[in-house]
Ligand code: CDP
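Residue numbers (this note's numbering): 590 to 815.
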């Protein structure tokens, strides 16, 4: 793919690689789940705990969605995606999330992101990837798969608090509606629909605090490692 000629070949990997444990064997932890389930927080904590690199694959789709919102063609935006596109302000808004889930149904967009994600997953030193299709399509051979979920109301409230904390003006009902709309689009698409891999450990965080959810994820991974 054209990624080899842009920063996808190295820049993004460099940007998201935060640790170096000296471990040389690849080891992939796939963390999937619906919108605002806590995947990001859990993934970052897991990556820090085990000293692995972390890739937030949702950010790739958000960056493409943001470009489409300003008039770009989705496939051209994907092929031309650069590391700095993942750092622009505003990628975490509800509007960009909707745009992301719309470009995420396009098979060519998903196909163009495949090699980069797979290469990241098998990098030396271990990798945590979070998204929707990591355990099912990107890394079906991942050593550990978690499917993080929670009720739509709980997820909506968490995302609402996060967005309001960042200064967004939005209502709780609108956030829950956004979460439900994205879940439906993500689960019903033909290409790489959101669903737990058959061998995934399902982690329902509805009644868990963030620290308890992180502890449970680390315990599940530690069990797989031993
Ligand atoms: O943080 P949140 O769970 O709300 O969303 P995200 O992980 O940033 O993903 C945004 C959107 O990108 C999702 O609603 C999906 O449509 C899409 N996505 C995907 O299709 N496949 C992935 N591996 C990651 C994200």
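Backbone N, C-alpha and C define an ideal beta-carbon position, used for all residues, glycine too.
Since we're looking at a predicted model, the values are computed, not measured.
Task: Residue interval of the alpha helix (DSSP H) (run including residue 784) - done: It is not in any alpha helix (DSSP H) - residue 784 carries neither H nor E in the DSSP assignment.
Task: Under the three-state DSSP convention, the category residue 667 falls into - done: Helix at residue 667.
Task: C-beta atoms of residue 810 and residue 618 nearer than 9 Å - done: yes
TODO: Please specify which runs of the beta strand (DSSP E), each continuous and at least 3 residues long, are wholly inside the stretch 654 to 730, giving them in chain order.
DONE: 716 to 720
Task: Residue closest to residue 669, alpha-carbon to alpha-carbon, out of 615, 680, 657 and 796 - done: 657
- [ ] State yes or no: is the C-beta of residue 794 nearer than 8 Å to some heavy atom of ligand 1?
- [x] no
Task: Assumed close pair residue 699, residue 780 - CB separation to whole angstroms, cut-off 8 Å - done: 5 Å
Task: Exposed unless 16 or more other CB atoms sit within 10 angstroms - verdict on residue 734 - done: buried
Task: Closest by C-alpha distance to residue 763, when choosing among 794, 776 and 686 - done: 686
Task: Identity of the residue in 710, 653, 663 and 671 nearest residue 681 by Cα - done: Out of 710, 653, 663 and 671, 653 has the C-alpha closest to the C-alpha of residue 681.
- [ ] Report whether the distance from the Cβ of residue 752 to the nearest heavy atom of ligand 1 is below 8 Å.
- [x] no
Open item on the list: If the criterion is Cβ atoms closer than 9 Å, does the pair residue 717 and residue 794 meet it?
Closed with: no
TODO: Check the DSSP bridge columns for residue 793 and list the partner residues they point to.
DONE: 738
Open item on the list: Taking 8 Å as the cut-off, is the C-beta of residue 693 nearer than that to any heavy atom in ligand 1?
Closed with: Flag set: Cβ of residue 693 near ligand 1.
Task: Integer-rounded CB distance, given that residue 623 should sit under 8 Å from residue 783 - done: 6 Å
Open item on the list: Please tell me whether, using a cut-off of 8 Å, the distance from the CB of residue 799 to the nearest non-hydrogen atom of ligand 1 is below it.
Closed with: In terms of side-chain proximity, the C-beta atom of residue 799 is found no nearer than 8 Å to any non-hydrogen atom of ligand 1.
Task: Candidates 642, 676 and 797: closest to residue 719 by CA position - done: 642
Task: Assigned secondary structure, residue 581 (DSSP; H/G/I helix, E/B strand, else coil) - done: In the structure as shown, the chain starts at 590 and stops at 815, and residue 581 therefore has no counterpart that could be examined.
Open item on the list: According to DSSP, is residue 621 part of a helix, a strand, or is it coil?
Closed with: Strand, per DSSP.
Open item on the list: Assess contact between the stretch 749 to 759 and the stretch 660 to 680, defined as three or more Cβ pairs (one per stretch) separated by less than 8 Å. Is contact present?
Closed with: Result no; under three Cβ-Cβ pairs closer than 8 Å.
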